[in-house]
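Going by the working numbering, the sequence shown opens with residue 151, and the numbers climb by one from there.
Beta carbons: idealized from backbone N, C-alpha and C, even for Gly.
To start, the structure under review is shown below, and the notes come after it.
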Amino acid sequence: MNLTKRPRRLRGGEVLRKMVRETRIDKSALIYPAFVAEGLREPEEIGAMPGQYRHSADSLLRLAESMLESGVDKMMLFGIPREKDALGSGAYCSHGVVQEALRALKTHFPELYLIGDVCMCEYTSHGHCGVLHGREVDNDATLDYLARIALSQREAGADMVAPSDMMDGHVAALRACLDEHGYADTPIMSYAVKYASSFYGPFREAAGSAPAFGDRRSYQMDVHNVREAVKEASLDVEEGADLVMVKPAMAFGDVITRVKDSVLVPVAAYSVSGEYAMVKAAAAAGFIDEERIVCELAASAFRAGADIYLTYYAKELAGFITEGRIG
Ligand code: PBG
């Protein structure tokens, strides 16, 4: 055999494989999404997401401590209010569940970087991501509410805000409001490219946020589209988004790549609740190797172009990085 080119040469051992690796994963790129519920005494495990909890005020602090110990120093917060109403008033109340959680976390763990998810669906009685006009979400009327949510989260201690509502003009509305109140330095990470995905099912169970009627397809993106992702991301960057997100991550690698090639801001990918649920269920059934799948999914998101990875497996991944199993 006169083969001069043998790609296998670079696969000959772990040291060599690691040296020529094209994608490196660092703990600093991980964000852990957490749920905090108002009035809970004990954390409640989320049915479809074994190992993930609706946290009480106390258990959230313990969780934050364990995150920091594992090397994950960024958390995104979702709140579950005791009462929901048509205008989602719990979302922008200065003593709302997320605002209180932000305050407590900042006080106890100043080194923890806190991101507030800005949306209305966990707080509205109808489960939609904005205020309604008849049976439709009123885009423009919703913008004021979103801005109030972002401001209240910032005032309570959020270091960054992340609008996940998919309303047109949301980033501009948040930017104007934050600037006006002296928060010109607070970054906005926009869920610019958020698909109307069935992968969010377990999250909606966790937050009790499934729409009471209809669905989210009039504001979240059609899964068949990718050029539209470039349009959404570009618009949000023009409006002042400092980072953009693609969501879900698994099954949307092509979208991550396209967005990364099209905008000049960092790109985050969110491995959502349904991805976690699928891995957990298959692992519990003994069908897959959980650790290896988790590492493979993370590598695929970064390989596709993600700079930042939001995942319910953040702590486990940080552990795998420490142990040198991935990185
Ligand atoms: C709120 C929001 C959702 C998720 C993040 N922010 C739910 C939705 O749009 O229905 C999903 C996260 C996940 O599934 O892990 N709008």
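Beta-bridge pairing of residue i - partner residues as DSSP gives them
{"i": "I312", "result": "In the sequence as displayed, the identity of residue 312 is Ala instead of Ile. According to DSSP, which records beta bridges pairwise, A312 is partnered with D267."}
{"i": "F185", "result": "R204 and F228"}
{"i": "M517", "result": "Residue numbering for the chain in the displayed model covers 151 to 477; residue 517 lies beyond these limits and cannot be assessed."}
Other residues of its chain near residue i: CB distance less than 6 Å, five sequence neighbours each side excluded
{"i": "Q202", "result": "I196 and Y462"}
{"i": "S209", "result": "P193"}
{"i": "I299", "result": "A241, Y242 and V268"}
{"i": "N289", "result": "M317 and D318"}
{"i": "K256", "result": "G307"}
{"i": "G351", "result": "G424"}
{"i": "H258", "result": "L211"}
{"i": "I443", "result": "V429"}
{"i": "M270", "result": "G238, A241, C279 and G280"}
Chain-order list of residues whose beta-carbon lies under 8 Å from that of residue i (same chain, five-residue window excluded)
{"i": "R475", "result": "E441 and C445"}
{"i": "S368", "result": "E286 and V287"}
{"i": "V170", "result": "L160"}
{"i": "F363", "result": "H276 and R285"}
{"i": "T173", "result": "A449, F452 and R453"}
{"i": "L262", "result": "A214, M217, L218, D223, K224, M225, L255 and K256"}
{"i": "V373", "result": "Y345, A346 and S347"}
{"i": "Y182", "result": "M217, V222, K224, M225, M226, L460, T461, Y462, A464 and K465"}
{"i": "L252", "result": "L227, L264, G266, Q303, A306, G307 and A308"}
{"i": "I438", "result": "V429 and A432"}
{"i": "M371", "result": "M316, V343, K344, Y345, A346, E378, A379 and E382"}
Simplified DSSP assignment, three categories, for residue i
{"i": "T461", "result": "strand"}
{"i": "I443", "result": "helix"}
{"i": "I196", "result": "strand"}
{"i": "M371", "result": "strand"}
{"i": "L160", "result": "helix"}
{"i": "L385", "result": "helix"}
{"i": "L180", "result": "strand"}
{"i": "M151", "result": "coil"}
{"i": "V380", "result": "helix"}
{"i": "T407", "result": "helix"}
{"i": "G469", "result": "helix"}
{"i": "G424", "result": "helix"}
{"i": "L166", "result": "helix"}
{"i": "R366", "result": "coil"}
{"i": "H453", "result": "Reading off the sequence shown, one finds Arg at residue 453, where the question assumed His. Helix."}
{"i": "A401", "result": "coil"}
{"i": "A435", "result": "coil"}
{"i": "V413", "result": "coil"}
Same chain, Cβ closer than 7 Å to residue i, neighbours up to 5 away in sequence not counted
{"i": "Y333", "result": "R304"}
{"i": "R191", "result": "S206"}
{"i": "R204", "result": "F185, A187, L190, P193, E194, I196, I230 and A356"}
{"i": "Y177", "result": "The sequence given here has Lys at residue 177, not Tyr. Around K177: G221, V222, A468 and I471."}
{"i": "A179", "result": "D457, I458 and Y459"}
{"i": "R232", "result": "E188 and G189"}
{"i": "L166", "result": "L160"}
{"i": "Y420", "result": "M395, K397, P398, A399 and L460"}
{"i": "R354", "result": "A360"}
Cβ of residue i within 7 Å of any chain C Cβ
{"i": "R167", "result": "No chain C is present in this structure, which holds just one protein chain."}
Residue i Cβ short of 6 Å to the ligand PLP heavy atom set
{"i": "V422", "result": "Absence of the ligand PLP is noted for the structure shown, with the ligand PBG being the only ligands found."}
Minimum length 3: unbroken beta strand (DSSP E) runs contained in the stretch 202-289:
224-230 and 263-268
As an exercise, report each continuous alpha helix (DSSP H) stretch of at least 4 residues that is fully enclosed by the stretch 292-364, in chain order.
320-330 and 351-357
For the 8 Å Cβ check, are there 3 or more pairs between the stretch 391-404 and the stretch 342-361?
yes
For the pair the stretch 260-268 and the stretch 305-313, tell me if three or more CB-CB distances fall below 8 Å.
yes
For the stretch 377-384 against the stretch 425-434, do three or more pairs of beta-carbon atoms, one drawn from each stretch, fall closer than 8 Å, so that the two count as touching?
no
Inter-stretch contact at 8 Å, needing at least 3 Cβ pairs: the stretch 291-304 / the stretch 372-379:
no
Are at least three pairs of beta-carbons, each pair with one atom in the stretch 388-396 and one in the stretch 233-240, less than 8 Å apart?
no
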